[in-house]
Amino acid sequence: MARKKIREYDSKRLLKEHFKRIAGYELPVRSAQITESTNLNELVEKEPWLSSERLVVKPDMLFGKRGKSGLVALNLDFAQVASFVKERLGKEVEMGGCKGPITTFIVEPFVPHNEEFYLNIVSKRLGNSVSFSECGGIEIEENWDKVKGVIEEFVKVVFTLFLDIDFTFLEMNPFTLVNGKPYPLDMRGELDDTAAFKNFKKCDQTFPTFKLTSTHNRVLNVAYLMHEHVCRWGSIEFPMPFGRVMSPTESFIHSLDEKTSASLKFTVLNPKGRIWTMVAGGGASVGDLGYASELGNYAEYSGAPNEEEVLQYARVVIDCATANPDGRKRALVIGGGIANFTDVAATFNGIIRALKEKEAKLKAARMHIYVRRGGPNYQKGLTKMRMLGEEIGIPIQVYGPEATMTGICKQAIDCITAAA
1 MARKKIREYD SKRLLKEHFK RIAGYELPVR SAQITESTNL NELVEKEPWL
51 SSERLVVKPD MLFGKRGKSG LVALNLDFAQ VASFVKERLG KEVEMGGCKG
101 PITTFIVEPF VPHNEEFYLN IVSKRLGNSV SFSECGGIEI EENWDKVKGV
151 IEEFVKVVFT LFLDIDFTFL EMNPFTLVNG KPYPLDMRGE LDDTAAFKNF
201 KKCDQTFPTF KLTSTHNRVL NVAYLMHEHV CRWGSIEFPM PFGRVMSPTE
251 SFIHSLDEKT SASLKFTVLN PKGRIWTMVA GGGASVGDLG YASELGNYAE
301 YSGAPNEEEV LQYARVVIDC ATANPDGRKR ALVIGGGIAN FTDVAATFNG
351 IIRALKEKEA KLKAARMHIY VRRGGPNYQK GLTKMRMLGE EIGIPIQVYG
401 PEATMTGICK QAIDCITAAA
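In this text, residue positions in the sequence shown follow the UniProt record's numbering: the first is 1, and each later residue adds one.
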């Protein structure tokens, strides 16, 4: 399970869409999103309530304490909302020690209310935790018997929805009642992005229309249910954490990852770092040994990527690892753990091709390479790596599953810290 934060706008959109499907009635939730590309006139045409109701506007950027930072405006008309957004859109702010521009706002109806309630659902290793609190309000104790049934049903439906569309975290802080129906005023959500394959990977799929006859009725129902199943997330976005902007190299790997059934991840941690990895999670061992400050990147290739994908991936990692040589030794850790089904020799073919292409850069950066791998066809892959070291004249130390990743990383640390 990988928990990915989503915008408040998408959290409320998913809640509204699927609450009706599960409960049989609709929540009175309305919201609109404004970004740099939004045409405000077209937005009002699409959401006419924006021009007729009092509104709330706030950034939708995955950070909290918006009200305390003066970034929430209440009880505005749409012209005032437009002015508020114009003054702040694209402007850099600092939140929690992170700096970044505000690129996205959420606009909602202004909802005067007397009652406030709190709901939190979190997916944990051994189950799910549900927390509810009656946060107070005018005469809430006297009216509790009247609202108890509504709220109990609401919590049950939201929990069903939470499981059904693979939320991992959902919080309403607070929600209230509008005409007897629950209404989330502030909401946060996270999804399990490893469940994307069943929630939105085929959202553009269309189904034929059948006549409602006894012969085709069953087929029509099946088609409808299939469409409902594969489009449950819709056009969801997993934004980067606030203050985090992808570099061109990271964007390139991200685009590769989106096009493959394998997993290709790459994040630059320290461009001047002297220990770089091309493994599945081995960077944690470097941090454990006290040299996280020298770790250049986080990288992962897994899920049986093909040779061409690995080649393109390895080129990027090597280019970053060898950039701006300063005369000091560097280390590149390749391989990682014991593969379950990835053909080690096949993936190593792509890495070997990249190492040959980048021979001059590797030598200029005084790169020392450490390889550790196990799994299907690993002996053949390790033999190729040993032969490569002799061929291109770069120090390559090769190990099988008998060696530990922690031990390999210790060697890399000893290499870069040893006297020249």
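Beta carbons: idealized from backbone N, C-alpha and C, even for Gly.
In this text the structure is predicted, and so the values were computed from the model without any measurement.
Own chain partners of residue i with C-beta closer than 8 angstroms, once the 5 adjacent residues on each side are dropped
| i | result |
| --- | --- |
| L289 | T406, C409, K410 and I413 |
| R330 | R274, I275, W276, A321, T322, A365, R366, M367, H368 and I416 |
| G281 | In this prediction, G281 has a pLDDT of 47, which is less than 50 and means its spatial position is unreliable; what the coordinates show is noted afterwards. E300, G336 and G337, listed in sequence order. |
| I22 | V157, T160, L161 and D164 |
| I253 | L264, K265, F266, Y313 and V316 |
| F110 | E53, R54, L55, V56, L74, N75 and L76 |
| L43 | A32, I34 and L50 |
| Y298 | K265, F266, T267, L269, T277 and G283 |
Proximity winner among the options, relative to residue i (alpha-carbon distances)
| i | options | result |
| --- | --- | --- |
| L7 | Y25, E115 and F167 | In the sequence under discussion, the amino acid at residue 7 is Arg, which differs from the Leu named in the question. When only C-alpha atoms are compared, the closest one is F167. |
| I236 | N75, L269, D193 and N270 | D193 |
| G70 | Q80, A79, F84 and L362 | F84 |
| S37 | A195, T104 and F110 | T104 |
| E26 | A292, G327 and V157 | V157 |
| T249 | P271, S11 and V122 | P271 |
| Y183 | G327, K356, V310 and F19 | F19 |
| residue 426 | L40, K259, L388 and L185 | Within the shown structure, residues of the chain are numbered from 1 to 420, placing residue 426 beyond reach of any answer. |
| G234 | R3, Y9 and A2 | Y9 |
| R328 | A418, T383 and K259 | A418 |
In DSSP terms, what residue i is bridged to
| i | result |
| --- | --- |
| H18 | According to DSSP, which records beta bridges pairwise, H18 is partnered with nothing at all. |
| E108 | V56 |
| N120 | S131 and E171 |
| Y399 | R372 |
| R3 | D192 |
| A79 | DSSP lists no partner for A79. |
| A73 | V57 |
| K380 | In the DSSP output, where bridge partners are listed per residue, K380 has none listed. |
| C98 | M95 |
| K265 | E300 |
Residues near residue i in its chain [Cβ-Cβ closer than 6 angstroms; skip 5 each side]
| i | result |
| --- | --- |
| residue 442 | The chain is shown only over 1 to 420; residue 442 falls outside these bounds and no answer can be derived. |
| K5 | L62 and E190 |
| L14 | none |
| S131 | N120 |
| I138 | Reliability fails at I138, whose pLDDT of 46 lies under 50, so the model's placement of it is uncertain and no value is given. |
| V371 | I334, G335, M385 and V398 |
Beta-carbon proximity of residue i to residue j, cut-off 8 angstroms
| i | j | result |
| --- | --- | --- |
| M385 | I396 | yes |
| I351 | I334 | yes |
| K99 | G243 | yes |
| L74 | V107 | no |
| F117 | F169 | no |
| V57 | L76 | yes |
| P59 | I102 | yes |
| R188 | S11 | yes |
| T347 | V398 | no |
| N349 | E307 | yes |
| K356 | I394 | no |
Chain-order list of residues whose beta-carbon lies under 7 angstroms from that of residue i (same chain, five-residue window excluded)
| i | result |
| --- | --- |
| R218 | Residue placement at R218 is flagged as unreliable, the pLDDT there being 33, under the threshold of 50; the coordinate-derived value follows with that caveat. Here the set comprises nothing. |
| S214 | Residue placement at S214 is flagged as unreliable, the pLDDT there being 34, under the threshold of 50; the coordinate-derived value follows with that caveat. Once the five neighbours on either side are set aside, S214 has no close Cβ partner at all. |
| V344 | R373, G375, P376, N377, Y378 and G381 |
| F154 | P182 |
- Task: Pick out the complete alpha helix (DSSP H) segments inside the stretch 162-206, 4 residues or longer, and give them in chain order.
- Result: 196-199
- Taking only runs of the alpha helix (DSSP H) that begin and end inside the stretch 297-370, which ones reach a length of at least 4 residues, in chain order? 307-321, 344-357 and 359-364
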